[in-house]
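All remarks here apply to the structure that follows.
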Amino acid sequence: MSASYPAIRLRRTRASIWSRALHRETVLTPADLIWPLFVTEGRGVEEPVASLPGVSRWSVDGIAARAKEAVAMGIPCLALFPNTQPDRRSDDGAEALNPDNLMCRAIRAIKDACGDDIGVLTDVALDPYTVHGQDGLLDEAGYVLNDATIEALVGQSLNQAVAGADVIAPSDMMDGRVGAIRAALEEAGHVNIQIMAYAAKYASAFYGPFRDAVGSRGLLRGDKKTYQMDPANAEEALREVALDLAEGADSVMVKPGLPYLDIVRQVKERFEVPVFAYQVSGEYAMIEAAAAAGAGDREALVLETLMAFKRAGCSGVLTYHAPLAAKLLGA
Ligand code: PBG
1 MSASYPAIRL
11 RRTRASIWSR
21 ALHRETVLTP
31 ADLIWPLFVT
41 EGRGVEEPVA
51 SLPGVSRWSV
61 DGIAARAKEA
71 VAMGIPCLAL
81 FPNTQPDRRS
91 DDGAEALNPD
101 NLMCRAIRAI
111 KDACGDDIGV
121 LTDVALDPYT
131 VHGQDGLLDE
141 AGYVLNDATI
151 EALVGQSLNQ
161 AVAGADVIAP
171 SDMMDGRVGA
181 IRAALEEAGH
191 VNIQIMAYAA
201 KYASAFYGPF
211 RDAVGSRGLL
221 RGDKKTYQMD
231 PANAEEALRE
241 VALDLAEGAD
251 SVMVKPGLPY
261 LDIVRQVKER
271 FEVPVFAYQV
281 SGEYAMIEAA
291 AAAGAGDREA
301 LVLETLMAFK
311 RAGCSGVLTY
321 HAPLAAKLLG
331 A
């Protein structure tokens, strides 16, 4: 008998709920989620971020409370970003090296509250600490210096490691920084601190609300195209990933997320390593705007996009929708 209609009817396995459950190829659980959180000064402070409806900056005590919620919902990891006070920002971003900066206080508060029940991933780049909003140190012409920046990033990484970070995530796109950070962590005895490299990070228009959240949007002069990647390039993303893996990255990230799922898939097929994607602030804002405009159902949009990351090959996703998704999936 020939394998064609009507012997084959693909709708047969879709006809009932039990059968659809049985044939589902990809699963999404709260354990696939990394929840990015913004930290701000003060006590008992919650500051909503206007361009990210539903997302707030929290003072350190609030961050610890969010961490406990995350544990209860089965979210395995948080990602932290500081909104550094303007008077603590400088040309060289030296606040990144302060053992008592917002970031370090937040890391310690989470670890005090939750211990090893949750992982803490920390962003390494200077933009939340500089007056110019660039991720590194500038020369007189405003060009972001590679090698001098690496030294600062190594110091920032060690500072976060000492405070208790579990995963160091360099998002700066300097050449060679993963190797330098790995060597410094090994040397200091932090052999089990992971590195998740923002390996393929594009110069994207989707980061706007994030820059509001960390307070760098009004500061940023120009763009980040001399270090973040051209959205036109895919081959180059594979070279970036290969180098970061060779330098000791434990996992790699593609960012932004949904518009770059082709990159996720290629990285997964080529390297067979843990791949993560960052569904960034502009993607979150787009879903919220669509839902608010009645163009789609918020919960369905959130779960469908997150499933798409898993289907493309992601081990997990950084998403501001993590608490909503975890609640929906945990039911
Ligand atoms: C900065 C950094 C950015 C994001 C994460 N780390 C912004 C940028 O590169 O300008 C963006 C995340 C988001 O948009 O949600 N190193």
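By the count of the numbering used here, the sequence shown reaches residue 331 at its end, each step adding exactly one. All residues carry an ideal CB built from backbone N, CA and C; glycine is no exception.
task: List the endpoints of the continuous alpha helix (DSSP H) containing Ala72.
output: From DSSP, the alpha helix (DSSP H) with Ala72 extends over Val60 to Met73.
Buried versus exposed call for Ala300 [16 or more other C-beta atoms within 10 Å across all chains shown]: Ala300 should be labelled exposed.
message: Within a Cβ cutoff of 8 Å, which residues of the same chain sit near Asp223, ignoring the five residues on either side of it in sequence?
response: Contacts found: Ala203.
Val191, buried or exposed, once every other Cβ within 10 Å from all chains shown has been counted against 16: Exposed, by the Cβ-count rule.
query: Rounded C-beta distance between Ala199 and Ala249? I'm assuming under 8 Å.
result: About 7 Å separates the two Cβ atoms, so the contact holds.
query: Can Glu69 and Gly179 be called in contact, C-beta distance under 8 Å?
result: Taking a C-beta distance under 8 Å as the contact criterion, Glu69 and Gly179 do not qualify as a contact pair.
query: Considering only C-alpha positions, which residue in the set Arg66, Gln156 and Val254 is nearest to Val124?
result: Nearest in C-alpha terms to Val124, of all of Arg66, Gln156 and Val254, is Gln156.
task: Taking 8 Å as the cut-off, decide whether the C-beta atoms of Val317 and Leu303 are in contact.
output: Note that the C-beta distance between Val317 and Leu303 is not below 8 Å.
- prompt: Measuring from the CB of Gly155, is there a heavy atom of the ligand PBG at a distance below 7 Å?
  reply: Gly155 has its CB no nearer than 7 Å to any heavy atom of the ligand PBG.
Beta-carbon gap between Ile63 and Leu97 smaller than 8 Å: In this structure, Ile63 sits away from Leu97, with a CB-CB distance that is not shorter than 8 Å.
- prompt: Roughly how many angstroms lie between the CA atoms of Leu185 and Ile193, to the nearest whole one?
  reply: About 8 Å.
- request: Between the Cα of Lys111 and those of Phe276, Gly93, His132 and Ala161, spot the shortest distance and give me the residue it belongs to.
  value: Per the Cα distances, Ala161.
field: Sequence ranges, beta strand (DSSP E) only - wholly within the region 255 to 306, length at least 3
entry: The region 255 to 306 is shown to contain whole beta strand (DSSP E) runs of 3 or more residues at 275 to 279, in chain order.
- prompt: Does the ligand PBG have even one heavy atom less than 7 Å from the beta-carbon of Gly218?
  reply: Every heavy atom of the ligand PBG is 7 Å or more from the Cβ of Gly218, so no.
- request: Taking the CB atoms as reference points, tell me whether Leu126 and Ile107 lie closer together than 8 Å.
  value: Against a cut-off of 8 Å, the Cβ pair of Ile107 and Leu126 comes out as no contact.
Contact belief for Leu121 with Ala285 at Cβ below 8 Å, rounded distance in angstroms: No, Leu121 and Ala285 are not in contact; Cβ-Cβ is about 22 Å, not under 8 Å.
query: Should Phe210 be counted as a contact of the ligand MN given a C-beta to heavy atom distance under 7 Å?
result: With respect to the ligand MN, the structure offers nothing, as its ligand set consists of the ligand PBG.
task: Return the CA-CA distance between Ala113 and Val273, expressed in angstroms with no decimal places.
output: Roughly 32 Å between the two C-alpha positions.
task: Would you decide whether Ile17 is buried or exposed? Buried here means 16 or more other CB atoms lie within 10 Å of its CB.
output: With a threshold of 16 other beta carbon atoms within 10 Å, Ile17 falls short and is exposed.
message: Would Gly384 and Asn83 be called neighbours here (beta carbons separated by less than 8 Å)?
response: What the structure shows of the chain is the stretch from 1 to 331, and residue 384 is not part of that stretch, so it cannot be assessed.
message: Tell me which residue opens and which closes the alpha helix (DSSP H) that Leu243 is part of.
response: Looking at the DSSP string, the run of the alpha helix (DSSP H) that includes Leu243 is Glu235 to Ala246.
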